[in-house]
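This report refers to the structure that appears directly beneath it.
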Amino acid sequence: MSPSQPRSPIRLLLGALALAGACTSPRADPGYYLVTPYSQAGQLALDLRYWTVKAPGSAAMLWPELGLRYGVNSRWTSELFLSGIGTASSGFSQSSWNWQNDVLLTQGESPFDLALHSQLIRNLGDQPSNALEWGPALQTEWGLTQLNLNLILAHEQGSSKGTQLKYQWQALYRLDTGLRWGVQGFGELGNWRHWAPQAKQSHRAGPVLHLGLPSLFGSGTQAASELSLAYLFGKTYGHAGDMFSAQLLLPF
Numbered sequence: 063m064s065p066s067q068p069r070s071p072i073r074l075l076l077g078a079l080a081l082a083g084a085c086t087s088p089r090a091d092p093g094y095y096l097v098t099p100y101s102q103a104g105q106l107a108l109d110l111r112y113w114t115v116k117a118p119g120s121a122a123m124l125w126p127e128l129g130l131r132y133g134v135n136s137r138w139t140s141e142l143f144l145s146g147i148g149t150a151s152s153g154f155s156q157s158s159w160n161w162q163n164d165v166l167l168t169q170g171e172s173p174f175d176l177a178l179h180s181q182l183i184r185n186l187g188d189q190p191s192n193a194l195e196w197g198p199a200l201q202t203e204w205g206l207t208q209l210n211l212n213l214i215l216a217h218e219q220g221s222s223k224g225t226q227l228k229y230q231w232q233a234l235y236r237l238d239t240g241l242r243w244g245v246q247g248f249g250e251l252g253n254w255r256h257w258a259p260q261a262k263q264s265h266r267a268g269p270v271l272h273l274g275l276p277s278l279f280g281s282g283t284q285a286a287s288e289l290s291l292a293y294l295f296g297k298t299y300g301h302a303g304d305m306f307s308a309q310l311l312l313p314f
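Heads up: the sequence shown at position 203 corresponds to 265 in this note's numbering, and the numbers run straight through without jumps.
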């Protein structure tokens, strides 16, 4: 691979971010993708994400996201990504800038591995604001099954709702090399001190598929590309709505 080739994906990413940065949009949370605690030291990856929420009788809201991820060391992964928002008919505009960091605290010392997840969010639009989310991310293995549980606290600047509690969980079974399937779930419980009534909480779950794909940037990469697809049924922020998500991770 020539010295100029590895830089081309970065130029594409920066160009796309600069183009999207010229737009503004209503505030929206960044996408729902399960936080996992492991890092590939020295690995740079392009992170392409797309998720939708479809409420009955209304057009689907779409959130395309574009990120650049880096394995700082064997325990710390850092990522900067841009989240957009829109519909198929209205087009898209920028929603937020996001800086995510995941630090693995334990690895093999206990029955489960523990990481600290954090994300700084700069919401854009008519009333820009800052938000922070943080919390523990846990993963363990049971035979051929991978189990994840994440508890996330989220606080937005100026919000009267206080710090909110969200959760993520997943159970994945390894069918073959590079092929895993299972179930995944997300939810919002309301204020972390005083949970919302059951009717106002949101819970959703559904099937998830993980595929390992050949590297798109040559044999010099440290890992193959990864594709994740999920379709969840239930409620999102108190309203009925199915959710579809797709994530393609391209190391280079």
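Glycine included, every Cβ here is placed at the ideal spot set by N, Cα and C.
- Taking 8 Å as the cut-off, the Cβ atoms of Ala199 and Ile183 do not count as close.
- Here the alpha carbon of Glu250 sits roughly 38 Å from the alpha carbon of Phe279.
- Within the region 210 to 250, the complete beta strand (DSSP E) runs of at least 3 residues fall at 226 to 238.
- Cβ neighbours of Thr139 within its own chain (closer than 6 Å, five residues either side excluded): Ser101, Gly133 and Asp164.
- One thing to note: Trp254 has its Cβ no nearer than 8 Å to the Cβ of Gln230.
- A Cβ-Cβ contact shorter than 8 Å links Glu288 with Leu311.
- From the listed residues Gly252, Thr239, Tyr293 and Gln162, the smallest Cα separation to Val115 is found for Tyr293.
- If you draw a straight line from the Cα of Lys297 to the Cα of Ser172, it is about 34 Å long.
- Counting along the chain, the unbroken beta strand (DSSP E) around Ala267 starts and ends at Ser264 to Leu275.
- With a 10 Å radius around the Cβ and a threshold of 16 neighbouring Cβ atoms, Glu203 comes out exposed.
- Cβ neighbours of Ala121 within its own chain (closer than 6 Å, five residues either side excluded): Thr149.
- Partner residues in the beta bridge of Gly129, as assigned by DSSP, are Asp109 and Phe143.
- For Ala292, the enclosing beta strand (DSSP E) covers residues Ser287 to Thr298.
- By the C-beta density criterion, Ala103 is exposed, having fewer than 16 other C-beta atoms within 10 angstroms.
- Residue burial annotation: Trp125 is buried, with at least 16 other C-beta atoms found within 10 angstroms of its C-beta.
- The C-beta separation of Gln260 from Leu96 comes to about 24 Å, leaving the pair out of contact by the 8 Å criterion.
- The beta carbons of Leu166 and Arg137 sit about 4 Å from each other, so the pair counts as a contact at 8 Å.
- Burial is judged here by how many other beta carbons sit within 10 angstroms of a residue's own beta carbon; Leu206 has fewer than 16 and is exposed.
- Rounded to whole angstroms, the Cβ separation of Asn185 and Gly197 is 19 Å, and the two are not in contact under 8 Å.
- About 6 Å separates the Cβ atoms of Gly244 and Gln232, confirming a contact at the 8 Å cut-off.
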